[in-house]
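Residue numbers (my numbering): 13 to 319. Where is the CB? At the ideal position from N, CA and C, for every residue including glycine. Since this is a predicted model, take the numbers as computed values, not measurements.
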């Protein structure tokens, strides 16, 4: 179904608001956190893992809906924008419909988070509260993060450091060098997704006064940032295995590096709407890296704790 044939209020309209194709950014750190805990301790908690996955997806959907309706309320976009269509801007959903969905999703997030807080204590409460606040402040509040150069750092913190270590902490009650290193790897790729988004929209963003990092760094320096963020996770895996050679099975994740060259070339040569596919391919790289690292960690757990 094309954008022109999407009916108001349809499932496709809601998909445009919640953007399931971006959920990999939320799922990747959860998979990594759970598998790292299994690898290092030999123990896992299935119900807790499922609840963590559910709240991560809910927060990502909440963030996407807040972005959709936030841009429309602020009239923050012009006709030269090259990004994905927004459900409220296109008239597929009303602002009131999305606001109600945001409220319901927030209630779900709070309910699941309360269950996680009972298990994980005040640390999880603080991390959950910060995550919900960041989801709102990215496009809400008096000065949205989306209008500043701090978007990529925000993603690194919340989709890397907090998501991986929070998940690991729920499983083990602590954090480790490996969980922190893995969270940096995950946050790096997650940030690269926003780099593509902001690179695609740089001309539009500058025209409406948004000082994103792409606008600040410009065409000469910003592409190098994308490459660095794509390569850093693989360097981190090598560092982990150098420090802890017994976890050599983590090296399975290095198979994902073959995608980096093509992504970087696309980033440098494609323009406008063509970069939407590069954005989705970057999400795919994050999921591929996370899945391969998860497989390596699970095999590592099997090797050390079962066999």
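Pick helix, strand or coil for residue 55, following the three-state DSSP scheme. Note: residue 55 maps to coil in three-state DSSP.
Can the beta-carbon of residue 223 be found closer than 8 Å to that of residue 159? A contact, by the Cβ cut-off of 8 Å.
Per-residue DSSP class, three states only, for residue 163: Correct three-state label for residue 163: helix.
Same chain only: Cβ atoms within 7 Å of residue 240, ignoring 5 sequence neighbours per side: Contacts found: none.
Residues of its chain near residue 96, where Cβ-Cβ distance is below 7 Å and the 5 sequence neighbours each way are ignored: Excluding residues within five positions, the ones whose Cβ falls inside 7 Å are 288.
Is any beta-carbon of chain C found at less than 8 Å from that of residue 152? The chain labelled as chain C is not found in the depicted structure, where only one protein chain is given.
Of all the options 46, 139, 103, which has the alpha carbon lying nearest to the alpha carbon of residue 60? Here the closest residue by C-alpha is 46.
Contacts around residue 310, its chain only, beta-carbon distance under 7 Å, and the 5 residues preceding and following it disregarded: If we look at residue 310 and ignore the five residues flanking it on each side, its Cβ neighbours are 47, 50.
Hey, is residue 30 close to the ligand NAD, as in C-beta under 7 Å from one of its heavy atoms? Absence of the ligand NAD is noted for the structure shown, with no ligands found whatsoever.
Identity of the residue in 152, 134, 269 nearest residue 298 by Cα: Considering only 152, 134, 269, the residue with the shortest C-alpha distance to residue 298 is 269.
Hey, residue 208 and residue 106: beta-carbon distance below 8 Å or not? The Cβ atoms of residue 208 and residue 106 lie no closer than 8 Å to each other.
Do you know how far the Cα of residue 149 is from the Cα of residue 192? If you take the alpha carbons of residue 192 and residue 149, they lie about 25 Å apart.
Distance, Cα to Cα, residue 156 vs residue 144? Roughly 14 Å separates the two Cα atoms.
For residue 113, which residues in the same chain have their Cβ closer than 7 Å to its Cβ, ignoring the five residues on either side in sequence? Same-chain partners within the cutoff: 77.
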